[in-house]
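Colleague: For the sequence shown, position 30 matches number 30 in our numbering, and the numbering has no gaps at all. Cβ atoms here follow ideal geometry from the backbone N, Cα and C, with glycine treated the same way. If you're wondering where the values come from, they're calculated on a predicted model, not measured in any experiment.
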Amino acid sequence: MKKIALFLLLAIACLVALMAIFPEDTTRLMFAAERQRSGLELKSAVVDGETWPYLEGGSPDAPVLLLLHGFGGDKDNWTRFSRTLVGEYRVIAPDLPGFGDSARHADWDYSLLAQRDRLARFVAALELRPLHIGGNSMGGHLAALYTHTHPEQVLSLALLNNGGIDSPQPSEMFLAVGRGENPLVLSSPDDFDRLLAFASHKPPFIPWPAKGVLGKKTFEYASFNRYIFEALRDERYVPLEPLLGDIEQPVLIIWGEYDRVLDVSSIQVMEPLLPQARVIVMQDTGHLPMLERPTATAAHCLAFLASL
């Protein structure tokens, strides 16, 4: 027994040493393992000369579920969430242009209308129509715009803490932006913990050394994220209030009760405009339900889709 215990201690020590020496490689392996556990495969598609990295899982013949991440997020925001969905759906989770592993162009228009049109070309290139579409935060705003513009393609719409609504109660982020601050953009690599705590009520577990690697990578794109954030707020901004009443598809609205980024009171505006919507407010949850409580959030989505 002593020899076995000693062997395990030595193995753990070697593993920790390798993680410290090769943090980027270790983090890459961790993400690959998470994707494999969730039945997802990393793929890419070239659309109009631009490469779209995306995750795909499930049968090619299953109904398509297209998932859109929020501002500063990426395709892996949906990895743990997708674990129970790939058995019934063909899950597609792309890096939206300007985020994740996609290219960043200083001269591009990153407003949601431009992103909507790029997304339409991605959908056409992969022949994903018809589809169920869902999104979180900025991705939810984009999913709603896409549904409004291409209703013939969309079977249902899932909105998780979506943007695009002027909430009766201003969020902490809204108040901070009014003061000239942006809590969604890092000031240093060490600011990553602060960002996680702001965006989530109970931050998801991210093992060491992945957190340090993610903090460094997120800070590397801080300036570009500010550029995109301003594009999302300029004169091309499209509010959802005038559009939601035109959406006839079944809608699922999920919101974390402790969302500091986009206030849960947005639901009060949306419900009268979407009388067909199923509304779920998740307790002990912040802005990122699919990351904070992936199993419970996926169960809500599965129940919604099964009811259609």
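Going by DSSP, what residues sit across from A45 in a beta bridge?
Modeller: W52
Colleague: Are R293 and D284 closer than 9 Å when you measure CB to CB?
Modeller: Their beta carbons are under 9 Å apart, which means R293 touches D284 by this criterion.
Colleague: When you compare the CB positions of A222 and L186, do they come within less than 9 Å of one another, or not?
Modeller: yes
Colleague: Can you round the beta-carbon distance between G168 and S265 to whole angstroms, since I take them to be within the 8 Å contact cut?
Modeller: Reading off the sequence, residue 168 comes out as Pro, not Gly. Right, their Cβ atoms sit about 5 Å apart.
Colleague: Between K217 and H201, what straight-line distance do the alpha-carbon atoms span, to the nearest angstrom?
Modeller: 23 Å
Colleague: Please return the same chain residues whose Cβ sits closer than 6 Å to the Cβ of F312, not counting the five positions on each side in sequence.
Modeller: Because the chain is modelled from 1 through 308, residue 312 falls outside the range shown and cannot be assessed.
Colleague: Curious, which full-length beta strand (DSSP E) runs of at least 3 residues does the stretch 237 to 303 contain?
Modeller: 251 to 256 and 278 to 282
Colleague: Assuming contact is defined by CB atoms lying nearer than 9 Å, are R313 and T295 in contact in what I supplied?
Modeller: Here the chain has residues from 1 to 308 only, and residue 313 is not among them.
Colleague: Please classify S156 as buried or exposed, where buried requires at least 16 neighbouring CB atoms within 10 angstroms.
Modeller: buried
Colleague: Between G178 and H141, how many whole angstroms is the CB-CB distance? I'm expecting something under 8 Å.
Modeller: Going by Cβ atoms, the distance from G178 to H141 rounds to 19 Å, so no, they are not a contact pair.
Colleague: Three or more C-beta pairs closer than 8 Å, one from the stretch 112 to 124 and one from the stretch 240 to 253: is that the case here?
Modeller: no
Colleague: Just to confirm the assignment, what range does the alpha helix (DSSP H) spanning P23 have?
Modeller: P23 to R37
Colleague: Which runs of the alpha helix (DSSP H), 4 residues or longer, sit entirely within the stretch 97 to 143?
Modeller: Listed in chain order, the complete alpha helix (DSSP H) runs (minimum 4 residues) inside the stretch 97 to 143 are 112 to 125.
Colleague: So what does DSSP say about L66, is it helix, strand or coil?
Modeller: strand
Colleague: Whose CA, out of L273, P183, A45 and M138, lies closest to the CA of H69?
Modeller: Selected option, being the one with the closest Cα: M138.
Colleague: What does the Cβ neighbour count give for F81, buried or exposed, with the cut at 16 atoms within 10 Å?
Modeller: buried
Colleague: Among the candidates V46, G72, S38 and A106, whose CA atom is the shortest distance from the CA of R90?
Modeller: S38
Colleague: In chain order, which continuous runs of the alpha helix (DSSP H) of length 4 or greater are located wholly inside the stretch 148 to 211?
Modeller: 172 to 178 and 192 to 199
Colleague: Can you tell me whether DSSP reads L308 as helix, strand or coil?
Modeller: coil
Colleague: Here's the rule: buried if 16 or more other CB atoms are within 10 angstroms of the residue's CB, otherwise exposed. What is G87?
Modeller: exposed
Colleague: For the beta strand (DSSP E) containing R90, list its first residue and its last residue.
Modeller: R90 to P94
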